[in-house]
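Going by the working numbering, the first sequence opens with residue 267, and the numbers climb by one from there. Built from N, CA and C at the ideal position, the CB exists for glycine as well. Values in this document were obtained by computation on a predicted structure and should not be read as measured data.
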Amino acid sequence: MPVARPESSGARIIAHVDMDCFYVQVEQRKQPQLRGLPTAVVQYNEWKGGALLAVSYEARKYGVKRFMRGDEAKEVFPQIELVQVPVSRGKADLSTYRNAGSEVVSVLSRKGRCERASIDEVYLDLTNAAEAMLAEIPPESLEAVDEEALKSHVLGLESKDGNDAKATVKEWLCRGDADHRDKLLACGVLIVAELRMQVLKETEFTCSAGIAHNKMLAKLASGMNKPAQQTVVPFSSVKGLLDSLPVKKMKQLGGKLGTSLQCELGVNTVGDLLKFSEDKLQEGYGVNTGTWLWNIARGISGEEVQARLLPKSHGSGKSFPGPCALKTVASVQHWLNQLCEELSERLCSDLEQNKRIARTLTLHASAFKSSDSDSFRKFPSKSCPLRYGTAKMQEDAFNLFQAGLREYLGLYGVKTQGSDYNGWRVIALSVSASKIVPILSGTCSIMKYFKEDTCNSSLKQYPNNFIQDAEPSSPSGSESYSKLNSTELQHEFAGEAACVQRVMDGLGQQEVKSNTWNEQDPSCSTEKHTPQSFSRGTPQLLLSGTESHSSLDQNMPQREVHWEDSSMEHIKLNSKQHDQKRSALKDKGTLSSLNFFKSRNLSGSSREQEHVETTQNTETSLALELNLEQRLQGGLIAQTATNSSGCSSDQVQQRSVAWDYKIEDIDPSVIDELPKEIQDEIRAWLRPSKRPNIVKRGSTIADYFSPSKSRLR
DNA sequence: CTTGGACAGGTGT
DNA sequence: TACACCTGT
267 MPVARPESSG ARIIAHVDMD CFYVQVEQRK QPQLRGLPTA VVQYNEWKGG ALLAVSYEAR
327 KYGVKRFMRG DEAKEVFPQI ELVQVPVSRG KADLSTYRNA GSEVVSVLSR KGRCERASID
387 EVYLDLTNAA EAMLAEIPPE SLEAVDEEAL KSHVLGLESK DGNDAKATVK EWLCRGDADH
447 RDKLLACGVL IVAELRMQVL KETEFTCSAG IAHNKMLAKL ASGMNKPAQQ TVVPFSSVKG
507 LLDSLPVKKM KQLGGKLGTS LQCELGVNTV GDLLKFSEDK LQEGYGVNTG TWLWNIARGI
567 SGEEVQARLL PKSHGSGKSF PGPCALKTVA SVQHWLNQLC EELSERLCSD LEQNKRIART
627 LTLHASAFKS SDSDSFRKFP SKSCPLRYGT AKMQEDAFNL FQAGLREYLG LYGVKTQGSD
687 YNGWRVIALS VSASKIVPIL SGTCSIMKYF KEDTCNSSLK QYPNNFIQDA EPSSPSGSES
747 YSKLNSTELQ HEFAGEAACV QRVMDGLGQQ EVKSNTWNEQ DPSCSTEKHT PQSFSRGTPQ
807 LLLSGTESHS SLDQNMPQRE VHWEDSSMEH IKLNSKQHDQ KRSALKDKGT LSSLNFFKSR
867 NLSGSSREQE HVETTQNTET SLALELNLEQ RLQGGLIAQT ATNSSGCSSD QVQQRSVAWD
927 YKIEDIDPSV IDELPKEIQD EIRAWLRPSK RPNIVKRGST IADYFSPSKS RLR
């Protein structure tokens, strides 16, 4: 439920930037011959041509809509270009879009506080920049205004007869007698126009934007004129806007809450909400939501732009609709392994690029009983402490699944034995990693040590010297049988950490972890599937790790590991591209979005696909390092949590307190495995009286991108 | 918009 | 905290 936040005192300038049909643009950049053509991005195309995820504006003109199937789109407009979402490990892989989103963020975060709201949306708090501009070079002092800014839409501003729209906008932007808030908005308009041009130059993506005094209004405005345009909401036009705005269009009211307003209160537009007192709304919807509703009816929303450039969690999931539903343990385990592989890879990238680790692994699943269409669909989600290393994640995910399964089936009194789930079908699986925290600064030296020592391969291969005992029998076999609930997993984790050698063993296992499985048809084109195609192989339920190494492993697609898209690299990359394009475009003056590509073509420059190969950590070294890191931080954070009696302001203090108490929780054997200089460093941390290196890192990404800090000692 | 899927974020308990 | 549920693209 939404919660009301108090509106801050002074006027803020907030922008919402929304990429235009983002996936399409990413694919068009990759294949420039698609530019300007009616294009859509589909994922999976075996069944009815796949689902459309994004549709170019050219294609929308011909009636192609999101949520159509590929076949449907072809019927509506046969010439449409359909591009498929990349697939790895048999599932959609959105990483190219995530990375492209990071490129955009790296540009947009330059002028103010920046919040990455989704893969293709960003909020900016430009209050300071706007105030600075107003103080130094107020719009009224300008003789020429940026072309892109002149194309802005000003809500509530009618174009005067005989005057073209740009002249009217210019007059509004440069009014000397405007309200102070409108003057700040005018500055916001200029800043956002420039940022959008910068995004275009550096990423080749167009975007639309809304500029207003709060997030809610900015978000509303960004969608009003697309693509490649921006809309500003002057304070004076807020009431007019909301009066006629259907409640369902408002963020947070698109679902059940909005329906309830319509049905229970007869509210059709946001303006209709004005008729209800705050008390009345609180009566119906609770204190928080009631106040929130009362506020938004008046265009009030105090929600701050959070300084966050990175996601708070990572997830990997897949659904198995209709005939694709999973029936066997082996198939569930196979797909969990795939999902964990992807998740593990993304976590490793996050660690290297952003120096963060995730602390919680969560498994979600959905299931139904084939004989009963009305049966439960929800499977309890389960979580446990996250252990780095693909094999460990796979093991833990499977144990979580089994824990959930047991609870789930227990409610039905169903015995869990035999080769399948007694008529139950798994229709969705996902694993996610959350509670992502920055690693301690001192660990950078450890990172550096392992990087220098072991990171000589960009392929994910395990150096022989680290795989000392890759025996096939695994702790996930009979041992895991007894670890069926997350509580036990936690105890195992917190109490008796594995030694370094064991980490290595664990990593070795992932090569033999994959089981015999079936139902692996990634295309889900299973209308033709015969029942026996699902019933080959009958692994024992709850015995996960003991099957012999399946020869199918060799038939699996090669893992594609694209490392070139780190945010950090993009910052370097972008500045390089920026320079190149600056020179390519120099003397052309300000370019509007519409002219941009034309100008580029005229200048003959085409985007070079620049790939930055970065030296990568092997997973082995990461796991070793994280084993240490987690054992250090594990005790630390647990203690911090129990100690935090109300005051959470000074984490540094809390951490040092935590150290005092939890030193004994750190397994000394880990430290002994490390080289002498690292040992010394860690022991220095362990002496709170000296504790020279316990420094809380800043929480913004800028801190991690700072070379002096990320490479320190 | 009912019949998507793969995410991500948030709140309530 | 763990988990259910809601909302968005």
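In chain order, what residues of the same chain have a beta carbon less than 7 Å from the beta carbon of Q548, not counting five sequence neighbours either side? Close CB contacts of Q548 within its chain, under the 7 Å cut and outside five residues either way in sequence, are with G556 and T557 (chain order).
Under the rule that 16 or more other beta-carbon atoms within 10 Å means buried, what is L890, buried or exposed? Low confidence applies here, because L890 scores a pLDDT of 42, under 50, leaving its location unreliable and the question unanswered by this model.
From what residue to what residue does the alpha helix (DSSP H) around S999 run? Residue 999 lies beyond the stretch modelled for the chain, which goes from 267 to 979, so this question has no answer here.
When you compare only the Cα positions, how much space is there between E618 and K635? If you take the alpha carbons of E618 and K635, they lie about 43 Å apart.
Would you kindly work out how many angstroms separate the C-alpha atoms of V371 and A320, rounded to a whole number? The C-alpha of A320 is placed about 20 Å away from the C-alpha of V371.
CA-to-CA distance, V598 to G302, given in whole angstroms: Here the alpha carbon of G302 sits roughly 42 Å from the alpha carbon of V598.
Taking a contact to mean a Cβ-Cβ separation below 8 Å, would you say D448 touches P493 in this structure? Against a cut-off of 8 Å, the Cβ pair of P493 and D448 comes out as no contact.
Same chain, Cβ closer than 6 Å to M399, neighbours up to 5 away in sequence not counted: In chain order, C453 place their CB closer than 6 Å to the CB of M399, counting only its own chain and leaving out the 5 sequence neighbours on each side.
Confirm, please, whether the CB-CB distance from P298 to I346 is below 8 Å. No, the Cβ-Cβ distance between I346 and P298 is not below 8 Å.
Give the range of the beta strand (DSSP E) segment to which L318 is assigned. From DSSP, the beta strand (DSSP E) with L318 extends over A317 to V321.
Please tell me whether, using a cut-off of 7 Å, the distance from the CB of L348 to the nearest non-hydrogen atom of the ligand FMN is below it. This structure does not include the ligand FMN; it has no bound ligands of any sort.
Using 8 Å as the threshold, is the C-beta distance between V283 and E293 below it? No.
Using 8 Å as the threshold, is the C-beta distance between Y389 and A395 below it? A395 is positioned such that its CB atom lies no closer than 8 Å to that of Y389.
Would V330 pass as a contact of A317 if the rule is Cβ separation under 8 Å? Their beta carbons are not under 8 Å apart, which means V330 does not touch A317 by this criterion.
From L675 to F667, what distance separates their C-alpha atoms? Rounded to the nearest angstrom, the two C-alpha atoms are 12 Å apart.
Return the chain-ordered list of same chain residues with a C-beta closer than 6 Å to the C-beta of A366, the five sequence neighbours on each side being excluded. Answer for A366: V292, listed in chain order.
Using a 10 Å radius around the Cβ and a threshold of 16 neighbouring Cβ atoms, would you call T594 buried or exposed? The residue is buried, with at least 16 neighbouring Cβ atoms inside 10 Å.
Contact between the stretch 515-525 and the stretch 418-436: three or more CB pairs below 8 Å? No contact exists between the stretch 515-525 and the stretch 418-436.
Identify every residue that forms a DSSP beta bridge with R382. According to DSSP, R382 shares a beta bridge with V388.
What did DSSP end up calling H446 once you bin it into helix, strand or coil? Reduced to three states, the DSSP call for H446 is helix.
Could you check which residue in S407, E437, A410 and A415 has the C-alpha nearest to that of L423? Answer by Cα proximity: E437.
CA-CA distance, E414 and L456? Taking the straight line from one Cα to the other gives about 8 Å.
Length at least 3, wholly inside the stretch 492-525: the beta strand (DSSP E) runs in chain order: List check, beta strand (DSSP E) in window: 496-498.
Leaving out five residues before and five after V465 in sequence, what residues of the same chain have Cβ atoms less than 7 Å from its Cβ? Here the set comprises V370, V373, L374, F471 and C473.
Can you name, in chain order, every residue of its own chain whose Cβ lies under 7 Å from the Cβ of D386, other than the five neighbours on each side? So the qualifying residues of the chain are D284, M285, F288 and G367.
In terms of alpha-carbon separation, which member of E324, E406 and R462 lies closest to D445? The candidate whose alpha carbon is nearest that of D445 is E406.
Who does H479 pair with in a DSSP beta bridge? The partner list for H479 (beta bridge, DSSP) is empty, contrary to what the question assumes.
What does DSSP give as the partner residues of Q249 in its beta bridges? A query on residue 249 cannot be resolved here, the shown segment of the chain reaching from 267 to 979 and no further.
Rounded straight-line distance, which links the Cα of H630 to that of E569: Each residue's Cα considered, the two are about 30 Å apart.
Using only the alpha-carbon positions, how far apart do C913 and V351 sit? Bear in mind that the predicted position of C913 carries a pLDDT of just 31, short of 50, making it unreliable; the figure below should be weighed with that in mind. Between the C-alpha atoms of C913 and V351 there is a straight-line separation of about 47 Å.
Determine the closest residue to A563 out of D359, P577 and E544, with distance taken between C-alpha atoms. Closest by alpha carbon: E544.
Range of the contiguous beta strand (DSSP E) that encloses V349: Bounds of the beta strand (DSSP E) holding V349 are E347 to Q350.
Can you check DSSP and say which residues form a bridge with D284? Bridge partners of D284: E387 and S474.
By Cβ distance, which residues of its chain are closer than 7 Å to L559, with the 5 residues on each side in sequence left out? Same-chain partners within the cutoff: L539, L547 and Y551.
What number of angstroms, rounded off, separates the C-alpha of E324 from the C-alpha of N491? Here the alpha carbons of N491 and E324 stand approximately 15 Å from one another.
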